[in-house]
Structure formats: C-alpha cells, structure tokens
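In the working numbering, the protein residues as written are 54 to 240.
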C-alpha cells in the first residue's frame with residue numbers, strides 16, 4: 054500500500070497530542086466479534102457521533118464517558134490520545150463493588166511498553182490481532198494503522214472469547230506464579 058494511505062507515525066503523534074481529529078472508527082469485523090462475545094453491547098463509553106456502534110447507550114464527547122457511570126456489557130475503543138485515562142477508568146469501574154460491569158472488551162494499540170498496558174495483563178484474555186487494522190476516519194477515509202492492536206477481555210466466558218477471537222489473532226492470558234508452581238507439580 055502506498056505510504057500516503059497509511060496512518061503514519063506523525064498522524065498517531067498528532068492524535069496523541071490532540072492536534073487532529075482523534076476518532077478511529079472500529080472496523081466492522083471487530084464489532085461483529087465483540088457482539089458475538091457479549092451478545093449485545095449495553096454501553097459504548099467513548100462513542101463517536103459519526104459512527105455509532107450498535108449499543109444501547111452511547112457516551113460521546115458531550116456526555117464525557119470518563120466521568121460517567123459504566124455498567125453491564127461494555128465495548129471501549131478509546132480515543133488514543135488519552136488511552137491511559139480510559140484504561141484507568143475501565144479498571145476503576147471493573148473494581149467497583151457491588152460489581153456492575155458483567156463483561157468488557159477494549160480495543161487499543163498494542164503498546165506493551167506503556168504503564169497503562171501493564172494493567173491489561175490482568176484481563177481474562179488478550180488477543181494480539183493479526184496484521185494491522187484498517188480504521189475508518191471522518192470523511193470515510195480508510196487507512197491501515199502503523200501500529201498493531203489488541204482486544205482485551207474482562208468477563209466470565211473465556212471460552213467464548215477464545216472461540217470468537219482466536220481466528221483474528223494470537224490469544225494470551227497471564228499466568229501468575231502460584232498457578233505455574235501448581236502446573237509444574239510444586240506446592
């Protein structure tokens with residue numbers, strides 16, 4: 054593909070700084086996979102006004118999902134300029150008691166070197182998507198990203214997540230030390 058058609062590092066840096074429109078429209082095959090896992094999306098807390106997902110509730114920039122209450126089945130494709138804040142919010146809502154989020158999936162860059170990504174290792178499953186996603190942008194432009202992406206799953210149905218997302222990428226899950234000890238015959 055021509056370099057001019059790709060989401061360049063400069064485009065990503067501009068989005069991170071907030072210099073340009075910070076909307077990366079979720080590819081349709083990812084939306085279908087999310088719906089297959091969740092059954093339905095109850096909340097899109099970082100919704101685009103131009104590409105609403107099939108969710109019961111949408112929080113756009115006007116409702117500011119970072120400061121709103123989240124519940125039920127969530128799909129989060131956050132503005133990449135503020136990924137850390139959105140992942141922090143996701144974890145705050147996941148730790149709320151009584152538990153009000155039944156399942157959540159988030160689509161984010163595979164920025165494994167960042168502090169915010171380290172939290173994702175606590176997910177019930179992570180799919181490192183094959184290749185680079187092609188995102189839609191305002192004005193119906195389509196360009197492949199210059200970065201790999203992951204979908205992280207938090208919920209009770211790891212088997213369903215595995216069935217749906219394994220054709221789309223490589224699945225991983227954190228193994229904590231005591232699980233490894235038991236698997237290796239230790240105490």
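Where is the CB? At the ideal position from N, CA and C, for every residue including glycine.
Please read these numbers as outputs of a predicted model, since none were measured by experiment.
Check: Check this for me: beta carbons of residue 123 and residue 107, under 7 Å apart or not?; Outcome: no
Check: May I have the straight-line CA-CA distance separating residue 105 from residue 95, to the nearest angstrom?; Outcome: 13 Å
Check: Grab the span of the beta strand (DSSP E) containing residue 148 for me, first residue to last.; Outcome: Counting along the chain, residue 148 falls outside any beta strand (DSSP E), and DSSP gives it neither H nor E.
Check: Report the three-state DSSP secondary structure of residue 222 (helix, strand or coil).; Outcome: strand
Check: Could you tell me which whole alpha helix (DSSP H) segments of length 4 or greater appear in the region 112-167?; Outcome: 136-147
Check: Hey, residue 217 and residue 86 are a contact pair by Cβ (cut 8 Å); roughly how many whole angstroms apart?; Outcome: 5 Å
Check: According to DSSP, is residue 170 helix, strand or coil?; Outcome: helix
Check: Which of the three DSSP states, helix, strand or coil, is assigned to residue 108?; Outcome: strand
Check: Round the Cβ separation of residue 156 and residue 126 to the nearest angstrom and send it over; I've been treating them as touching at under 8 Å.; Outcome: 5 Å
Check: Roughly how many angstroms separate the alpha carbons of residue 181 and residue 136, rounded to a whole number?; Outcome: 17 Å
Check: Residues in its own chain within less than 8 Å of residue 206 by CB, not counting five upstream and five downstream?; Outcome: 90, 156, 157, 158, 176, 177, 178, 179, 180, 214 and 218
Check: In whole angstroms, what is the alpha-carbon distance linking residue 138 and residue 170?; Outcome: 11 Å
Check: Spell out the partners DSSP gives residue 188 in its beta bridges.; Outcome: 196
Check: Looking at the unbroken alpha helix (DSSP H) that takes in residue 88, where does it start and where does it end?; Outcome: 81-91
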